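Report on the following structure.
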Amino acid sequence: MSGRAIGTSFLDAVGAIPLFLTAPLYRRWHLRWGATDEEVHARMPGDEIVAAASFTATRAITINAPPEQVWPWIVQIGYRRAGFYTYDLLDNAGYPSANRILPQYQHVQVGDWMPMAKTVTETTAFKVTSFETGRWLLWQKPDSSWVWKLIPRDGGRTRLISRLRQRYRWQTPGPTLLTVFLLEFGDFPMMRRVLTGIKARAEHKKDGRSPDMPTNPGLKLAGGWTYHPVTVT
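The working numbering applies: residue 1071 is where the sequence shown begins, and numbers increase by one.
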């Protein structure tokens, strides 16, 4: 990573400090950022995993691209994979999040890890619990579940909904205090950037090609879809 890129990443993270510090003040609002009443109260895959959640955030965004153009950006998320499309200095060791589809992460299987840190354990990484290609993807770790749902809309658009559920286990106060701090202060600024980052990438070119990219057969995805790589500039 170049010095210039590190500097840009640093300034980006510093600029977000007010969002992190003030997040608890508007908790009720940000726990449902972008979501309708119907989406907030609707059942989602995996809700039963954390039945008595201490933290539940349902957030949503409309993307001007069909689900098959949105799905590839979600399945490749993870530390030192595609990153998280957010503040790279904070969640991807300073490495830039991917601006293109990474074929090696497109073939999702139950049991796959979605790492949140360098060392992969049951507490530092989610596991794929279940999914339906192009429709929803469920990740799980102890006391936590994270699900993505893609709903097709008219005009080739997608309604993307994310729900994170976390139980605070006070029997182990040390780790739980860290979890509380990360979620109550950091979750919204990060998730807002994740959602807008996915939106920007998926919308970059609906036909899946940058203007100067030659036509190619594309990447074959599960479910019979073909995805043509695109680089976001």
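Beta carbons are placed, not taken as given, at the ideal position from N, Cα and C, and that holds for glycine.
Computed from a prediction, not measured in an experiment: that's the story for all the values here.
Can you give me the C-alpha to C-alpha distance between residue i and residue j, rounded to a whole angstrom?
i, j, result
"A1127", "T1242", "23 Å"
"G1116", "V1140", "21 Å"
"T1193", "T1132", "31 Å"
"R1223", "R1102", "20 Å"
"L1046", "F1255", "Nothing about residue 1046 can be read from this structure; the chain reaches only from 1071 to 1303."
"P1088", "L1265", "19 Å"
"G1240", "L1252", "This sequence places Trp at residue 1240; Gly is not what is there. Rounded to whole angstroms, W1240 to L1252 spans 15 Å at the Cα level."
"T1249", "F1196", "14 Å"
"Q1179", "S1200", "8 Å"
"A1122", "M1114", "15 Å"
"H1274", "R1229", "17 Å"
"E1202", "P1137", "12 Å"
Beta carbon of residue i: closer than 7 Å to some heavy atom of the ligand NAD?
i, result
"R1113", "Ligands in the displayed structure: none, and consequently the ligand NAD is not present."
Can you name the residues that DSSP bridges to residue i?
i, result
"K1269", "BP columns for K1269 are empty, so no partner."
"E1202", "W1206"
"V1217", "L1208 and R1233"
"K1197", "W1183 and Q1210"
"F1125", "Q1236"
Residues in its own chain within less than 6 Å of residue i by CB, not counting five upstream and five downstream?
i, result
"S1215", "G1116, I1119, V1120 and R1235"
"R1151", "Y1175"
"H1100", "F1258"
"V1217", "M1114, P1115, G1116, L1208 and R1233"
"V1110", "R1102 and T1128"
How close, in whole Å, do the beta carbons of residue i and residue j come, if the pair is a contact with beta carbons under 8 Å?
i, j, result
"V1145", "Q1176", "6 Å"
"N1185", "G1148", "First, the residue type needs correcting, since residue 1185 is Pro and not Asn in the sequence shown. Contact holds; Cβ gap of about 5 Å."
"Y1238", "S1167", "Their Cβ separation, rounded to whole angstroms, is 29 Å, which puts Y1238 and S1167 out of contact at 8 Å."
"P1335", "A1130", "Lying before the first or after the last residue shown, residue 1335 is absent from the chain, which here runs from 1071 to 1303."
"R1271", "W1143", "5 Å"
"P1198", "D1182", "For clarity, residue 1198 is Val in the given sequence; the question names Pro instead. The Cβ separation is near 4 Å, so the contact holds."
"K1219", "W1206", "5 Å"
"I1268", "Y1155", "6 Å"
"R1227", "N1162", "R1227 to N1162, Cβ: 28 Å. No contact."
Does the beta-carbon of residue i have 16 or more other beta-carbons within 10 angstroms, so that it is buried, or is it exposed?
i, result
"R1098", "exposed"
"A1187", "exposed"
"G1225", "exposed"
"D1158", "buried"
"G1204", "buried"
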